[in-house]
Ligand code: PLP
């Protein structure tokens, strides 16, 4: 199979499997014990934390391991807001783990303000500055859209918000940008950043939350006081080891220029075949959202699968829900949304595989049109 649904999840790197296996077989001790074998496991966790922190321009003590980015996002909304009476601003392009967290607060009476998207799929920047005021407790803007791959200018937004409302806390859901954009978190100038390991070649079930030094946040999960009292529960030592191994491997493989060139070649091919690309400007290089006229994405996906190609159609997490909140916010009609396929690349996606897949996707669409299937 040619796998091009890497925004949903990724194949686990061999090096990450080996690191997890070593932790499970040889270093299985509880990291919170006081005997030497346990202390050694605790040291391994700290080495992984330090390694990841250095790669993303953060301090070790700013990273807390969580079970996934959904947990990290929920944590920020449930515990990371200082001004409990203030309003919250999010973008219309947020992943459901941010959007639903905000909606939950709304149902409890919180003033939630949603900044619209522009036609390219990025946040309409001027509208955030209209919506944020001195009572804005939290601003949450996705770093890279999981639907289109468009990068939001988080650094510039953070700088402007600091001038407008210095007390507003700034969070970014960094799941699709983590490691890929090469941004340093200190340089972005934000307060919270969520990431997930299974998008970069580590197993599912491990993520992190960056919490700017000195900020302080109440724990979301209480208990034995692990993770410096911030996130209780015995640490997932095998997956933490795998997370660090995946960061190392991804970083070695990643070549931003190659990704952008490959993405451009794929997009050009689609466009020359009458398709429309959503989110073509300021893209991370890893995601292509393509609208293939008169071919329902679900059927394209199934036909392509039968021919050996796996692609997505919108966020996997919202795959069971009808429509697509984010693509609607960009201004696409329901008919266009039904025809949007999401192709997501990985650092090791080979050019020839990707171009063969594109041809198979277009063949599948042609079959649908000629048979009037769907
Ligand atoms: N945020 C974004 C932008 C995502 O793409 C995803 C997963 O698709 C998540 C959050 C949720 O991540 P996790 O699967 O680690 O909970």
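Residue numbers (this note's numbering): 60 to 433.
All residues carry an ideal CB built from backbone N, CA and C; glycine is no exception.
For residue 127, the Cβ falls inside the 7 Å cut-off from some heavy atom of the ligand PLP. If you draw a 10 Å sphere on the C-beta of residue 270, you find 16 or more other C-beta atoms in it, and that means buried.
Positions of the beta strand (DSSP E) runs, each at least 3 residues long and wholly inside the stretch 328 to 358, are given as 335 to 337 and 346 to 350 in order along the chain. By the neighbour-count definition (other C-beta atoms within 10 Å, threshold 16), residue 318 is a buried residue.
The DSSP-derived three-state label of residue 268 is strand. If you check the CB distance, residue 201 and residue 153 come in under 8 Å.
In this structure, the ligand PLP has a non-hydrogen atom nearer than 7 Å to the beta-carbon of residue 257. Here the C-alpha atom of residue 161 lies approximately 28 Å from the C-alpha atom of residue 112. Take the alpha-carbon of residue 372 and the one of residue 389: they are about 16 Å apart.
By alpha-carbon distance to residue 355, the top candidate from 426, 340, 413 and 339 is 426. Counting C-beta pairs with one atom in each stretch, the stretch 221 to 229 and the stretch 361 to 372 have fewer than three that are closer than 8 Å, which means they do not touch.
Residue pairing for residue 63: DSSP places it in a beta bridge opposite 370.
Setting aside the 5 residues that flank it on each side, residue 167 has no residue in the same chain whose C-beta is closer than 6 Å to its C-beta.
Comparing alpha-carbon positions, the option among 185, 207 and 63 lying closest to residue 350 turns out to be 207. Between residue 413 and residue 63, the CB-CB gap stays under 8 Å. With respect to residue 232, residue 157 sits close: the two C-beta atoms are nearer than 8 Å.
Per DSSP, residue 196 is one residue of the beta strand (DSSP E) stretching across 195 to 199.
In the structure shown, residue 127 falls within a coil segment according to DSSP collapsed to helix, strand and coil. Distance check between residue 164 and each of 88, 73 and 143 places 143 closest, using alpha-carbon atoms only.
Here residue 240 has 202, 203, 210 and 343 as same chain residues with Cβ atoms under 8 Å from its own Cβ, once five neighbours each way along the sequence are excluded. Between residue 423 and residue 359, the C-beta gap is smaller than 8 Å, which places the two residues in contact.
Distances from the alpha-carbon of residue 176 to those of 415, 384, 430 and 408 put 384 closest.
Here residue 77 is exposed. Its C-beta has fewer than 16 other C-beta atoms within 10 Å. For the 8 Å CB-CB criterion, residue 353 and residue 398 form a contact. Around the beta carbon of residue 277, fewer than 16 other beta carbons sit within 10 angstroms, so the residue counts as exposed. In this structure, residue 174 lies near residue 186, with their beta-carbon atoms less than 8 Å apart.
Counting only runs that start and end inside the stretch 265 to 315, the alpha helix (DSSP H) elements of at least 4 residues fall at 296 to 312. By the neighbour-count definition (other C-beta atoms within 10 Å, threshold 16), residue 258 is a buried residue.
The beta-carbon distance between residue 255 and residue 127, rounded to whole angstroms, is 6 Å. This is short enough to meet the 8 Å contact definition. The C-alpha of residue 249 lies about 30 Å from the C-alpha of residue 90.
By the Cβ neighbour-count rule, residue 94 is exposed, with fewer than 16 other Cβ atoms within 10 Å of its own.
Approximately 6 Å separates the beta-carbon atoms of residue 260 and residue 71; this is inside 8 Å, confirming the contact. Judged by DSSP in its simplified three-state form, residue 190 adopts helix. Less than 8 Å divides the Cβ of residue 124 from the Cβ of residue 290. DSSP places residue 232 inside the beta strand (DSSP E), whose first and last residues are 228 to 232. Between the ligand PLP and the CB of residue 232, the shortest heavy atom gap is smaller than 7 Å.
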